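Participant:
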Amino acid sequence: MSDASKGLRLYNTLTRTKEGFVPIDPLDVRMYVCGPTVYDFAHIGNARPVIVFDVLFRLLRHLYGETHVTYVRNITDVDDKINARALRDFGGEIASGTLSLNEAIRRVTEKTADQFHRDVATLGCLEPTVEPRATEFVEPRADGKADMITLIKSLIERGHAYVAAGEVLFDTASMPDYGQLSKRNLDEQQAGARIAVEAHKKNPGDFVLWKLSSPEEPGWQSPWGRGRPGWHIECSAMSAAYLGEVFDIHGGGLDLIFPHHENEIAQSRCAHGTNVMANVWMHNGFLQVEGQKMSKSLGNFYSIHELLETETFGGRRWPGEVLRLAMLMTHYREPIDFSVRKLEEAENTLRKWKRASDLAPAAGSQVPAEVVEALSDDLATYAAFQQLTQLAGEATDFSGAGENGAAASLKTSLAFLGFDVGAAKVDEAAIAETIARRLQFIAAKNWAEADRIRDELLAQGVQLKDGKDPVTGERVTTWEVKR
1 MSDASKGLRL
11 YNTLTRTKEG
21 FVPIDPLDVR
31 MYVCGPTVYD
41 FAHIGNARPV
51 IVFDVLFRLL
61 RHLYGETHVT
71 YVRNITDVDD
81 KINARALRDF
91 GGEIASGTLS
101 LNEAIRRVTE
111 KTADQFHRDV
121 ATLGCLEPTV
131 EPRATEFVEP
141 RADGKADMIT
151 LIKSLIERGH
161 AYVAAGEVLF
171 DTASMPDYGQ
181 LSKRNLDEQQ
191 AGARIAVEAH
201 KKNPGDFVLW
211 KLSSPEEPGW
221 QSPWGRGRPG
231 WHIECSAMSA
241 AYLGEVFDIH
251 GGGLDLIFPH
261 HENEIAQSRC
271 AHGTNVMANV
281 WMHNGFLQVE
291 GQKMSKSLGN
301 FYSIHELLET
311 ETFGGRRWPG
321 EVLRLAMLMT
331 HYREPIDFSV
341 RKLEEAENTL
351 RKWKRASDLA
361 PAAGSQVPAE
371 VVEALSDDLA
381 TYAAFQQLTQ
391 LAGEATDFSG
401 AGENGAAASL
411 KTSLAFLGFD
421 VGAAKVDEAA
431 IAETIARRLQ
441 FIAAKNWAEA
451 DRIRDELLAQ
461 GVQLKDGKDP
471 VTGERVTTWE
481 VKR
């Protein structure tokens, strides 16, 4: 184990403080992060927690050893929209018994789950240690791992849940300190409730653990009738199945603090009789697009796949590692404005780093201590990137004999942070598109924009040369890469 692990500090949403990280077992550091609901392609907002916690996963592996970190990120494939589509597409096969419910749901979600995996791999993210699907943890399992029905039974037996109107509900009043994560006081919630309490609920904040399915809806057999689980119980079961009743870190987006993570804590603690579910709770900030909340109605809703493969944002496709760097240039807890300008800045920065790292034939043997130290301060990626920029400057200025140590360290750092450290690749199609845009500006006599594009390309190591076609007399532009 690296001595640097003693310096790891993480902001804990549960305590609202930055704390020294002390794992329950340094030989088995355990982290759970809420994954995607695979009803549709993952949007760019979904990419942020995947990238953020990939960096944390990499850091933990560096500090504690690759075999001593367990990272669980789930796939949510139990959802009313998914169920409705499974029934629509495979209702006949389900009714006849030729296709099981799990098989039908898997067929519905396979395409979007596969696309998610391809997208996040392009973003430079490692695969988690385990990626459970919710449908595999509804009923009691042959291997004895935690499941949703058994957890719900335990909550009823312990007096924390009740059956009413065909549902099993969690009794929030049965947990005196409910609301610690979100800092919501249960009494204030009840006194200030603006809507009438549903007749079958004891309290306004009580939430569904199990709900009945009609004959036309997919469902599982349970002691409370054929039905399906509520959203929150899924993560309680899957985290317990692989990480135990209490584990080290639970992560996700800021939007999940309430109700999802608050209710996960309530279910897990009350089912297992523990004081905590996870010792550290980490949440990444919200994402806006060009200064506005991302929304389909505003026309600024982009999937990861669209950004990677189409020209819908800024008139071009964006490399995965450019999207990755743009996400990490803002501290993970801060809100981020995802914009074309930010992507262009990330692309220029990454190319400078790549050109400098190419001055070394191979990576160094150690990740620079300064980079690890920066990341160990609650994933201070901006401070880590300052170290990379400094290394790039030293590598470029290097004129001595022998190995360019700064370039080698830079190459190591880039690989550690999830960036490709192969030979810098020239995207000829992208350069051609950029030159074509510049020629349009020249034709319109917009010299300022034409010069801006020329200067940007030069900063990326691409030098333009303007001339005329000797046959047609038309303006032409050639280019070459300058190292």
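Just so we're aligned, residue 1 is where the sequence shown starts under full-length UniProt numbering, counting upward by one. Where is the CB? At the ideal position from N, CA and C, for every residue including glycine. Keep in mind it's a predicted model, so treat the numbers as computed, not measured.
1) Quick check: what's the CA-CA separation for Glu167 versus Leu151?
2) DSSP beta-bridge partners for Ile75?
3) Taking only the alpha-carbon atoms, compute the straight-line gap between Ala191 and Val50 and give it to the nearest angstrom.
4) Looking at C-beta atoms only, is the number of pairs between the stretch 112-128 and the stretch 210-220 that lie closer than 8 angstroms three or more?
5) Counting beta carbon pairs with one atom in the stretch 74-93 and one in the stretch 337-351, are three or more of them shorter than 8 angstroms?
6) State the DSSP-derived secondary structure class of Pro259, mapped to helix, strand or coil.
7) Is it a yes or a no for the stretch 312-320 touching the stretch 264-276, going by three-plus beta-carbon pairs under 8 angstroms?
8) Is Pro49 helix, strand or coil when you go by DSSP?
9) Check whether the stretch 202-215 and the stretch 242-251 touch, using three or more Cβ-Cβ pairs below 8 angstroms as the test.
10) Express the C-alpha separation of Ile336 and Thr330 in angstroms, rounding to a whole number.
11) How do the stretch 153-172 and the stretch 131-140 stand: do at least 3 beta-carbon pairs fall below 8 angstroms, yes or no?
12) Express the C-alpha separation of Glu403 and Pro229 in angstroms, rounding to a whole number.
13) In angstroms with no decimal places, state the Cα-to-Cα distance between Pro128 and Tyr64.
14) At a cut of 8 angstroms, does the stretch 68-77 reach the stretch 384-394 through at least three beta carbon pairs?
15) Please list the terminal residues of the continuous alpha helix (DSSP H) segment that includes Val120.
16) Assign Asp177 to buried or exposed, taking buried as 16 or more other Cβ atoms, counted over all protein chains shown, within 10 Å of its Cβ.
17) Which residues in the same chain as Val280 place their Cβ atom closer than 6 angstroms to its Cβ, once the five residues preceding and following it in sequence are excluded?
18) Could you tell me the distance, in whole angstroms, from the CA atom of Asp114 to the CA atom of Leu287?
19) May I have the straight-line CA-CA distance separating Asn275 from Leu169, to the nearest angstrom?
20) Within 10 angstroms of the Cβ of Asp378, are there 16 or more other Cβ atoms? Answer buried if so, exposed if not.
Facilitator: According to the structure shown:
1) For the purposes of this step, residue 167 is identified with residue 167 of the sequence shown, where counting begins at 1. For the purposes of this step, residue 151 is identified with residue 151 of the sequence shown, where counting begins at 1. Glu167 and Leu151: Cα-Cα distance of roughly 15 angstroms.
2) Translated into positions along the sequence shown, residue 75 becomes position 75. Answer by DSSP bridge pairing, in chain order: Arg133.
3) To locate residue 191, count along the sequence shown from 1; it is residue 191. To locate residue 50, count along the sequence shown from 1; it is residue 50. Only weak support exists for where Ala191 lies, its pLDDT of 38 falling under 50; the value from the coordinates is given anyway. Going by the C-alpha atoms only, they are around 38 angstroms apart.
4) no
5) no
6) Here the question's residue 259 lines up with position 259 in the sequence shown. It is helical.
7) no
8) The residue labelled residue 49 in the question sits at position 49 within the sequence shown. Pro49 falls in the helix class under three-state DSSP.
9) no
10) Residue mapping note: residue 330 aligns to position 330 of the sequence shown, counting from 1. Residue mapping note: residue 336 aligns to position 336 of the sequence shown, counting from 1. Spanning the two alpha carbons is a distance of roughly 6 angstroms.
11) no
12) Within the sequence shown, residue 229 is the residue found at index 229, counting from 1. Within the sequence shown, residue 403 is the residue found at index 403, counting from 1. Taking the straight line from one Cα to the other gives about 59 angstroms.
13) By 1-based counting over the sequence shown, the position of residue 128 is 128. By 1-based counting over the sequence shown, the position of residue 64 is 64. Cα to Cα, Pro128 sits roughly 16 angstroms from Tyr64.
14) no
15) To locate residue 120, count along the sequence shown from 1; it is residue 120. Unbroken alpha helix (DSSP H) run through Val120: 101-122.
16) Start at 1 with the first residue of the sequence shown, and residue 177 comes out as number 177. Exposed.
17) As a working mapping, residue 280 is identified with position 280 in the sequence shown. Within the same chain, Val280 has close Cβ partners Leu10, Asn12, Ile249.
18) Reading the sequence shown from its first residue, position 114 is the one you call residue 114. Reading the sequence shown from its first residue, position 287 is the one you call residue 287. Each residue's alpha carbon lies about 24 angstroms from the other.
19) In the sequence shown, residue 275 corresponds to position 275, counting from 1. In the sequence shown, residue 169 corresponds to position 169, counting from 1. Cα to Cα, the separation comes out at about 21 angstroms.
20) Position 378 of the sequence shown, counted from the start, is the residue given in the question as residue 378. Classification for Asp378: buried.
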